[in-house]
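Numbering (my numbering), first residue to last: 64 to 165.
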């Protein structure tokens, strides 16, 4: 395989991954906005999950298949800690409470 084709396929694969991740983030924003709420914390939870997955694979040398499910624990705990006090908020007040996360 020529070197330029290998570089092209690697770049194309990264673009497709980035589109998928950003598409999921946009879908999560759409679901929340379609029910009439304005929450800006989805990006923070997604970033925390990605950061914990990177730490588990790079620092602790866990395989990715184990690190991916394990990295969901940190965002879930953070969401419970943030979500419990903001459970009764709605509209602009929910946006103000979650804007500090993003």
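Beta carbons are placed, not taken as given, at the ideal position from N, Cα and C, and that holds for glycine.
(message) Tell me the rounded alpha-carbon separation between residue 102 and residue 81.
(response) Stepping through the chain shown from its first residue, residue 102 is reached at position 39. Stepping through the chain shown from its first residue, residue 81 is reached at position 18. Roughly 22 angstroms between the two C-alpha positions.
(request) Output yes or no for whether 8 angstroms exceeds the beta carbon distance between residue 119 and residue 133. (result) Counted from its first residue, the chain shown places residue 119 at position 56. Counted from its first residue, the chain shown places residue 133 at position 70. Contact: yes.
(request) Pick helix, strand or coil for residue 172, following the three-state DSSP scheme. (result) This structure cannot speak to residue 172, because the chain is shown only from 64 to 165.
(message) Applying the 10 Å Cβ sphere with the 16-neighbour rule, what's the burial state of residue 116?
(response) Counted from its first residue, the chain shown places residue 116 at position 53. It counts as buried.
(request) Drop a sphere of 10 angstroms on the beta-carbon of residue 76, count the other beta-carbons inside from all chains shown, and report buried for 16 or more, exposed for fewer. (result) The sequence position of residue 76 within the chain shown is 13, counting from 1. Classification of residue 76: exposed, given that the 10 Å Cβ count is below 16.
(request) Express the C-alpha separation of residue 104 and residue 161 in angstroms, rounding to a whole number. (result) Within the chain shown, the letter at position 98 stands for residue 161. Within the chain shown, the letter at position 41 stands for residue 104. Spanning the two alpha carbons is a distance of roughly 5 angstroms.
(message) Using only CA atoms, which one of 98, 145, 136, 88 lies nearest to residue 163?
(response) If you number the chain shown from 1, residue 163 lands on position 100. Here the closest residue by C-alpha is 145.
(request) Kindly indicate which residue of 148, 123, 74, 138 has the alpha-carbon position closest to the one of residue 109. (result) As a working mapping, residue 109 is identified with position 46 in the chain shown. Taking only the C-alpha atoms, the option nearest residue 109 is 138.
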